[in-house]
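Chains as they are written, first to last, in my numbering: chain A, 3 to 337; chain B, 492 to 767.
Using N, Cα and C, we set each Cβ at its ideal position, and we do this for glycine too.
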Ligand SMILES: Cc1cc2nc3c(=O)[nH]c(=O)nc-3n(C[C@H](O)[C@H](O)[C@H](O)COP(=O)(O)OP(=O)(O)OC[C@H]3O[C@@H](n4cnc5c(N)ncnc54)[C@H](O)[C@@H]3O)c2cc1C
């Protein structure tokens, strides 16, 4: 019998989130490595998702297990976790990947808890060991150390991965016989008791400008940027370069910008062509979110700042001098 | 209506010094020499949330930790912040626990406190994630063991009415989700929920007299060995290594104008289209 690798789809605003396709790409790769006709299946929960489910078949899923119901419109641990658990108990996947997003990072471990199996959190890579068991690479100490996590005696072997870690790749071979299996939820709906915790509503605040994961140039600011006024200048630079602004933790704490653009262990992982950093010391927490950038340029007045060790180009200078000059230079060069 | 809370805390090496963490090349273990142990930053916000709840409605705040015996000092610090009592689960049998085994041990600790006092906790607060391992999985799994609803990434939390219902917010990518809940609830607290209070001298004095109970394997008589410690952990650790992220680091020198000129060249050379 062929084995199954599962991906739990992440849904945002009624659409499949990009991270799902990133996970699918990795799942396809792992299926190839496992061989013997290993199939990739996607678990998908939500409301009004039938047409979205079809897209998953295009990206290498053989089967989409779909629970589509108004009661599932918003995530709740009281509805999502038991449904997913019952599917896994019945169909026994060997590997199950979740997005390490706001929902996935709590739903995944909840399901793992119900199944009494292991889950590796926030993986930076997923491999198979010589016994074809999952070997997950996970960062700890803010990314300073990477450890291997194995789950030798339990199934499914579960793992969560942040958006931006894996690259979305078209599958080597597309299934022509992929199918969507829709769950009948009649019985389940009657048993549902959400009185202890009810989801009320979702409010999205779309970030301004280009999304970080789509930007080829990222201008990142740290605590050294110093003022709101400088921050505006930074945003101006990003815009004139056709890129996006990113930040470390302190600018969020200072209120110069929002958490939506924070890069690092508790923020996003990015891989732009060019990363231009200003006033960033280079704490491990931040570096592990940006070290996949193509070219790293750093401006810091402290020549010993750890960020310089992970930079291709070092500018040891006061950003109060460099930043305005650079903004000016770009303006004149492009006009 | 008074609420009884328990706050799960983890003593961690101070995250400010993580660039000093190294790996012993021979023993393949993590060396964290000279790095002080502190209460995790998110755990402090969890304690603050529990203290504010007690200030508003009355009730008690207990802290619970699974850690080596030397964590006593950290628990005194939490008591000095204002918690009423502390429990430390410490035993070799608990060592090497992954998130599932950790949450199970904490669950057993919680049930034991409840049994001793003949009550049930209303709120179980956890920091969103620990600073060291940062799996952020323990609060959700603790909720599952306890069989009560759990939320993670909680960034707002307030009483909605006097009938015991609460309005909560959890952070999402680019937004938030609003919830209505009633205890018992397990909440993973995000760092933006509050600013944890400082410890006063008064607090330190009082903390010395507060009860701190240490329990070992033998005290958790309801616990099953299959879920405890290293052998009760479905995940096992393999090799560890330090990722090599070093880059060449060419120094751009000259006058500020020259440097900026070089920067523009570098941007262009790497395919950046300059548009104002
Ligand atoms: C659990 C946990 C999770 C975390 N997660 C993240 C995360 O995801 N992302 C993240 O970024 N951080 C995270 N942090 C915080 C992280 O540890 C660091 O505190 C943070 O990255 C430091 O940001 P910074 O480099 O901007 O500031 P600082 O460390 O304060 O550095 C500022 C730098 O600016 C330079 N500077 C100052 N003025 C000037 C000037 N005029 N010109 C040039 N240079 C100047 C200084 O020399 C200094 O190097 C986390 C922390 C914890 C505890």
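Evaluate residue 628 (chain B) with the Cβ neighbour count: other Cβ atoms within 10 Å of its Cβ, from every protein chain shown; 16 or more gives buried, anything less gives exposed.
Looking at its Cβ environment, which holds 16 or more other Cβ atoms inside 10 Å, residue 628 (chain B) is buried.
In whole angstroms, what separates the C-alpha of residue 309 (chain A) from that of residue 301 (chain A)?
Each residue's Cα considered, the two are about 9 Å apart.
Going by the C-beta, is residue 736 (chain B) closer than 7 Å to any heavy atom of ligand 1?
It does not: the Cβ of residue 736 (chain B) is nowhere closer than 7 Å to a heavy atom of ligand 1.
Answer yes or no: the CB of residue 321 (chain A) versus the heavy atoms of ligand 1, is any distance below 7 Å?
Taking the Cβ of residue 321 (chain A) as the reference point, at least one heavy atom of ligand 1 falls within a distance shorter than 7 Å.
Can you determine whether any heavy atom of ligand 1 sits closer than 7 Å to the C-beta of residue 295 (chain A), and answer yes or no?
No, since every heavy atom of ligand 1 falls outside the 7 Å radius drawn around the Cβ of residue 295 (chain A).
Spatial distance of residue 276 (chain A) from residue 682 (chain B) (CA atoms):
Roughly 30 Å separates the two Cα atoms.
Mapping the DSSP letters down to three states, classify residue 726 (chain B) as helix, strand or coil.
It is coil, neither helix nor strand.
Identify, in the order they occur along the chain, each residue of the same chain with its Cβ nearer than 7 Å to the Cβ of residue 61 (chain A), setting aside the five sequence neighbours on each side.
If we look at residue 61 (chain A) and ignore the five residues flanking it on each side, its Cβ neighbours are 23, 26, 173.
Pair within 8 Å by beta-carbon distance, residue 739 (chain B) and residue 304 (chain A)
Not a contact, by the Cβ cut-off of 8 Å.
From the DSSP output, in three-state form, read off residue 641 (chain B) for me.
Three-state DSSP puts residue 641 (chain B) in a strand.
What three-state label does DSSP hand residue 127 (chain A) in the structure shown?
When secondary structure is reduced to three states using DSSP, residue 127 (chain A) falls in the strand class.
With a threshold of 8 Å between beta carbons, is residue 207 (chain A) in contact with chain B?
At least one chain B Cβ lies under 8 Å of residue 207 (chain A).
State the start and end residues of the unbroken alpha helix (DSSP H) segment that holds residue 601 (chain B).
Where residue 601 (chain B) is concerned, the enclosing alpha helix (DSSP H) stretches over 590-608.
Between residue 718 (chain B) and residue 550 (chain B), what straight-line distance do the alpha-carbon atoms span, to the nearest angstrom?
Answer to the nearest angstrom: the Cα atoms are 32 Å apart.
Just the C-alpha distance for residue 117 (chain A) and residue 640 (chain B), rounded to the nearest angstrom, thanks.
Cα to Cα, residue 117 (chain A) sits roughly 17 Å from residue 640 (chain B).
Specify, as a first and last residue, the run of the alpha helix (DSSP H) that residue 534 (chain B) falls within.
Per DSSP, residue 534 (chain B) is one residue of the alpha helix (DSSP H) stretching across 532-548.
Between which two residues does the beta strand (DSSP E) carrying residue 148 (chain A) extend?
The continuous beta strand (DSSP E) containing residue 148 (chain A) extends over residues 147-152.
In DSSP terms, what residue 741 (chain B) is bridged to:
Bridge partners of residue 741 (chain B) according to DSSP: A:315.
Between the stretch 693-704 of chain B and the stretch 132-140 of chain A, do three or more beta carbon pairs fall short of 8 Å?
In short, these stretches do not touch, since the Cβ pair count stays below three.
Any C-beta of chain A sitting closer than 8 Å to the C-beta of residue 632 (chain B)?
So, interface residue.
Measure the C-alpha to C-alpha separation of residue 608 (chain B) and residue 114 (chain A) and round it to an integer number of angstroms.
If you take the alpha carbons of residue 608 (chain B) and residue 114 (chain A), they lie about 31 Å apart.
So the alpha helix (DSSP H) residue 290 (chain A) belongs to, where does it begin and stop?
Note, residue 290 (chain A): alpha helix (DSSP H), 286-292.
Pull up the DSSP beta-bridge partners for residue 77 (chain A), would you.
Paired residue(s): none; residue 77 (chain A) is not in a bridge.
So who's on the other strand from residue 162 (chain A), going by DSSP bridges?
According to DSSP, residue 162 (chain A) bridges with A:100.
Please say whether residue 88 (chain A) and residue 121 (chain A) have beta carbons closer to each other than 8 Å?
Contact annotation: residue 121 (chain A) and residue 88 (chain A) have beta-carbon atoms that are not nearer than 8 Å.
Out of B:611, B:686, B:587, state which residue places its alpha-carbon closest to the alpha-carbon of residue 151 (chain A).
Out of B:611, B:686, B:587, B:587 has the C-alpha closest to the C-alpha of residue 151 (chain A).
Sequence-distant residues of its chain with Cβ nearer than 6 Å to residue 523 (chain B) (five each side left out):
Answer for residue 523 (chain B): 504, 512, listed in chain order.
Tell me whether residue 760 (chain B) sits in a helix, a strand or coil according to DSSP, three-state version.
Residue state, collapsed to three classes: helix.
Measure the C-alpha to C-alpha separation of residue 296 (chain A) and residue 548 (chain B) and round it to an integer number of angstroms.
Cα atoms of residue 296 (chain A) and residue 548 (chain B): separation of roughly 54 Å, rounded to the nearest angstrom.
In this structure, how does DSSP classify residue 271 (chain A) when only helix, strand and coil are distinguished?
If DSSP states are grouped into helix, strand and coil, residue 271 (chain A) belongs with coil.
Please find out if some non-hydrogen atom of ligand 1 comes closer than 7 Å to the beta-carbon of residue 287 (chain A).
Yes - ligand 1 has a heavy atom lying nearer than 7 Å to the Cβ of residue 287 (chain A).
Touch check for the stretch 219-236 of chain A and the stretch 685-702 of chain B: three-plus C-beta pairs under 8 Å?
Contact between the stretch 219-236 of chain A and the stretch 685-702 of chain B is absent, because fewer than three Cβ pairs lie under 8 Å.
Distance, Cα to Cα, residue 197 (chain A) vs residue 131 (chain A)?
C-alpha separation (whole angstroms): 45 Å.
Scan the stretch 210-244 of chain A for residues whose Cβ lies nearer than 8 Å to a Cβ of chain B and list them as they occur along the chain.
Listed by position along the chain: 218, 219, 242, 243, 244.
Provide the residue span of the beta strand (DSSP E) that contains residue 69 (chain A), from first to last.
Counting along the chain, the beta strand (DSSP E) containing residue 69 (chain A) begins and ends at 65-70.
In chain B, what lies closer than 7 Å to residue 317 (chain A) by C-beta?
Contacts between residue 317 (chain A) and chain B, judged by CB atoms closer than 7 Å, involve 743, 750 in chain order.
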